[in-house]
Structure formats: structure tokens, C-alpha cells
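K.L.:
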Amino acid sequence: MYFSTAFDGKRLRGLPLSKTLLCVACVVILVINGVFLIRNLDDLRSANALQAQTARVSDELQYLNLLVTDAESGLRGYFLSGSEVNLGALREAPQQIDNQLRALSVLLADSPSQTRNLTQLRSLVQKKLALMHQSLEVYRQGGLVDIVAISAAADARGEMDEIRLQVVIMTREQNELLAARTAAFYEQSRRTVLSGVGINAAAILVILLFYNLVQRSFGLRLEAERALQLTNDSLEAIVAERTEQLSVLSRHLIRVSEEEKSRLARELHDEMGANLTAIGMDMTSVSEQLKGSHPELVTMLGRARRTLVDTVQLKRRIIENLRPSLLDNMGLSAALQSYCADYARVTALDCDALIDHEADAAGPMQAIALFRITQEALNNIAKYAKARTVIVNLTREPDGWDLEITDDGIGIPPDAMAKSKSHGLLGMRERALLLGGTLSVERGVNNVGTCVRAWLPKAAPGGEGPALITPGLETTTPPPDLPGTASSGLSVKQPANSVVAGELPINAPHP
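This note's numbering numbers the first residue of the sequence shown as 453 and each following residue consecutively.
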């Protein structure tokens, strides 16, 4: 079937009847198909709205449960510490819980059973809040002993369990309602699809009529696709260039940060250490002169010396956090061994450090990079891994250094390195890239735990030769007349330990 353009001398008033009927039939088919599509779209919109409502109900219920739990936790914290700050959650809980309950009542207005459940949940929550406020008043009047007695008699955990059970019941009923309506929607969709099959069969005839138009437009579409591909290629090249620029900037900032920390630690040790030493010597001299005539002033000077010792310890902690002294004074091997030992002591984890005897041959840039990567990896294990055993293995390869840190914890998601908020992992990777190396984070052996593997090449900048010793960063021992100090920085120099007493190595700040 085709439309002829030949002129036979007669003026046509319109299309032939058969062609007119075909056009009318095509229009009717399209209208019917549009009606079915609109109906199906409305059903889909209703199903999506119900699914969104169910998800929101679940979120609101979980947040309501969280508000009650936070209020109870804050009250317990107040009982233990006596700090009014812990009561913030309890004070804000009534208003926030009331808002949550109002939001839930609006969402569940079309479900009588859920409305009844919400009423019961409101009663349980209000009862729990009243009990917490009553416990607070009892504590303020009687103290912690009365609270312990009330806790022994009252079943507070049972009330929380009832609230949680009610939340679970409401969530389950909402899911069941969603499942029922979804099944009805799928049944309606099935009927719509069957009807659409017939309509589409008739619509094939319409498609044939537009075949020539499609054939002509196909060439135009190919040209548009080529232009779009060229644009995409150009954009990808720009993005790759900007990404490389940001990566280079990140590595530069890491290098500058380490240099600035080393410079600042050296200045703190040289200038502040000298000043504190002079102060200590002057105080000792004055104390000796006043010992017989003014004993009360000698006592005051003794307190001042102890304050001075604390200041020296603070200075040392700051220097250690800026630049590990063991790394500069005794080499990478001793620094890692000491850090792992202190890490095991503080975290109660079994941390084995298998360090190659040639570790001290690492250059200054390599040494600080390997130390910081180990530090960040151990921090992450202590915070997130829930592990019992950690192994730090550093070996010297013919072409570089291979660092492997494994644990037997819960493991790490495969896309952890791709997340924008994984600053610790990204920082470790940038440190490795700064020296031309690589870093990978993957699941451990037999899919147990996590394995962090870093490799630094032998030819990296600063990669050969002994580690650079930062001048003036050795810690010192105090004069004999300053009791109670082991490494205060006021007298004869000696190698420093990597961790000051009372300092948690896993919480030491680092980039």
C-alpha cells in the first residue's frame, strides 16, 4: 500500500475511503493503547506510592525506636557521670516522639489495624518516657542507690522489648499490606499486558506506514550519535585530566604536610626544649638557695617543677604525633616493632610484626610512607574490623618494598576504595602513589578478614639509603632533682620510645 503522487487530471477532495478508514483505525488503536497505558501508569503510581509509604513508615518507626533508645542511653549516662549534657536526648525526646507519632498517624490513616497498633505504641512510649522522668526525679532526690533499687524491681528492658515488638508488628503489617496490593497490581498488569499484546499487533500496521520516515531519520540519528560520541570522548578526556591534576595536588599536599610536621617538630624540640631546660635549671638553683630560709617557697617551686615536667611531657607528645622519633633515631624496623607492641597492649589484640631485617635501609620518604600506611591500617582495624589477630609483614623485594597488613575481622566491602568518604583508605593510596607505588584493599585468605597490601618501588624518590634523622628530635631525661620524670626533655639526650605513657598510639593524629 502506498500513496501515489501521480496527477490524473482529476482534483481529489480527500483520501480514498480505504485509506481514510485505515487512518481512523490507526488513530483508534493509538487512543486505546494510550488509555491502557494511562491506566497502567496510574496503577504503577499507586504501587510506587504505597511502596514509598511503607518505606517511610518503616523509617519513622525505626527513628521512633532510636529516639527512645537514645533517651534511655542518655539517662543512664547521666546516672553514671552526673553530667547534664547526657540529658539532652531525654529533654528533646517528648517533642520529637510526638512529631514522629503525628507523622505516623498521617501515614497510617487509611489502615484501621495500623491505627490501633499506633495507639498502643504511643501508650508504650509515653509510659516509658514517664518512667524515665520518674527515675530522673528519684535520682536527683535519692541518688544512684535508689535508682539501682528501682532498676532491680522494675522490668525496664521488658518495656523496651514491648516497644521493639510493637515496631516489628507494625512494620510486618505494613509489609503484608504492600505485598497484597503488589499482588493485585501485578494481576492487573498481567491483564493489561495481554490486552496490550492485541493492541500492539494492530499497531504493527501503523509502524509499517512510518517505515519510510524512520528510514530517512535513521541517517540523521547516526550523525547525531557520532556527534554525541565525540562530545563524550572530549568530556572524558577533560575529566581524566582534572582527576590527574587533583591526584597530583593530593600527593603534593601529603609531601608538604610531612615536611611541615618535621620542621615544626624540630623547632618545638630545639626552641621549646631549650627554654624548658633553662627554666628547670633556674628553678633548681632558686630552690637550693631558698631551701633553708623559705621552705614554703621551696614547696611552691616543687609544684612548679611538676607542672614544668607535665609541660615537657606535653611537648614530647606533640612532637611524637608530628614525627615519630623512633623512626628517625632507630629506623623503620624499631618504629614498627614498637608501634605494633603498643598497639597490641592498648587494643588487647594479638598483633604480630614480621619486619624484614633490612627494613632500616628504606629511604626517608619510603620510611614515613610505610609507617603512616601501617598506622592508618591499624587504626581502621581497631575501629571497624572487630578482629582478634593482626599481622604486619614488611619485606624487602629486589625491586622495592612490600607491606601486607591482614586481620581476621569482619572484612571490608569491595567498593570501599571507591567511596568518597573513605578518607583513610584514599590517604594510604595517595601516599603509595606519591612514591610511584600501589595500594590494594581486599578480603583476606578464604574470604576472612581484610588484607591491605602496599608496594613501593626501589626507585621511588628518596627510596634508597638510611632514613633521614631529623636533627634535635631525640628525647631527653630530666635532672636528678626533678622527681617523677622519665623522659621530660630537660637534660641528657637518649633515644625516645615511640609512645608516651598514657598515650594511645592508635589515636595519634596523622594525615
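Note that the Cβ used here is the ideal one computed from N, Cα and C, for glycine as well. Since the structure is predicted, the reported quantities are computational estimates derived from the model, not experimental observations.
Can you tell me which of Q547, T521, N551, I549 puts its alpha carbon nearest to the alpha carbon of N418?
P.N.:
Nothing in the structure corresponds to residue 418, since the chain is present only between 453 and 963.
K.L.:
Under a three-way DSSP split, which group does V483 fall into?
P.N.:
DSSP places V483 in helix when its eight states are reduced to three.
K.L.:
Check whether the region 485 to 499 and the region 634 to 646 touch, using three or more Cβ-Cβ pairs below 8 angstroms as the test.
P.N.:
Enough Cβ pairs lie closer than 8 angstroms, so yes.
K.L.:
Tell me, please, whether the region 613 to 625 touches the region 511 to 518 by the rule of three or more beta-carbon pairs shorter than 8 angstroms.
P.N.:
Yes: at least three Cβ pairs fall under 8 angstroms.
K.L.:
Is it true that the CB of L753 sits closer than 8 angstroms to the CB of S737?
P.N.:
No, the Cβ-Cβ distance between S737 and L753 is not below 8 angstroms.
K.L.:
Just reading off the beta strand (DSSP E) that G889 is part of, what are its end residues?
P.N.:
Premise fails: G889 is in no beta strand (DSSP E) and is neither H nor E.
K.L.:
So what does DSSP say about V904, is it helix, strand or coil?
P.N.:
Strand, per DSSP.
K.L.:
Excluding five sequence neighbours on each side, which residues of the same chain lie with their C-beta closer than 6 angstroms to the C-beta of N949?
P.N.:
Bear in mind that the predicted position of N949 carries a pLDDT of just 37, short of 50, making it unreliable; the figure below should be weighed with that in mind. The answer is none, since no qualifying residue turns up.
K.L.:
Secondary structure at L920, three-state DSSP: helix, strand or coil?
P.N.:
Any reading at L920 must be qualified, since the residue scores a pLDDT of 42, below 50, and its modelled position is unreliable; the value itself is stated next. L920 falls in the coil class under three-state DSSP.
K.L.:
Using a Cβ-Cβ cut-off of 7 angstroms (strictly less than) and excluding sequence neighbours within five positions of L774, which residues of its own chain qualify?
P.N.:
Correct list, in chain order: K713, L716, A717.
K.L.:
Can you tell which of W907, L518, A814 has its C-alpha closest to the C-alpha of R881?
P.N.:
Among W907, L518, A814, the Cα nearest to that of R881 belongs to W907.
K.L.:
Can you tell me the Cα-Cα spacing of L617 and Q566, whole angstroms?
P.N.:
C-alpha separation (whole angstroms): 14 angstroms.
K.L.:
Given a threshold of 16 other Cβ atoms within 10 Å of its Cβ, counted over all protein chains shown, does S575 qualify as buried or as exposed?
P.N.:
The residue is exposed, with fewer than 16 neighbouring Cβ atoms inside 10 Å.
K.L.:
For I864, write down the residues that DSSP places opposite it in a beta bridge.
P.N.:
Looking at the DSSP assignment, I864 forms no beta bridge with any residue, so it has no partner.
K.L.:
Classify E719: buried if its beta carbon has 16 or more other beta carbons within 10 angstroms, exposed otherwise.
P.N.:
Classification for E719: exposed.
K.L.:
Our contact map puts I843 next to L806 with C-beta atoms below 8 angstroms; I'd like the distance itself, whole angstroms only.
P.N.:
Right, the Cβ-Cβ distance comes to about 7 angstroms (below 8 angstroms), so this counts as a contact.
K.L.:
Spell out the partners DSSP gives R848 in its beta bridges.
P.N.:
In the DSSP output, where bridge partners are listed per residue, R848 has W853.
K.L.:
Quick check on this structure: which residue in A839, L581, L532, N569 has the alpha carbon closest to the alpha carbon of D550?
P.N.:
The shortest C-alpha separation from D550 is found at L581.
K.L.:
Can you tell which of G901, L560, L886 has its C-alpha closest to the C-alpha of S702?
P.N.:
S702 has its Cα closest to that of L886, out of G901, L560, L886.
K.L.:
If I follow the unbroken beta strand (DSSP E) through D802, where does it start and stop?
P.N.:
Note, D802: beta strand (DSSP E), 802 to 807.
K.L.:
Would L532 be called buried (16 or more neighbouring beta carbons within 10 Å of its own) or exposed?
P.N.:
So L532 counts as exposed.
K.L.:
Do I857 and T826 have their C-beta atoms within less than 8 angstroms of each other?
P.N.:
Taking 8 angstroms as the Cβ cut-off, I857 and T826 qualify as a contacting pair.
K.L.:
Do A787 and L801 have their CB atoms nearer than 8 angstroms?
P.N.:
No.
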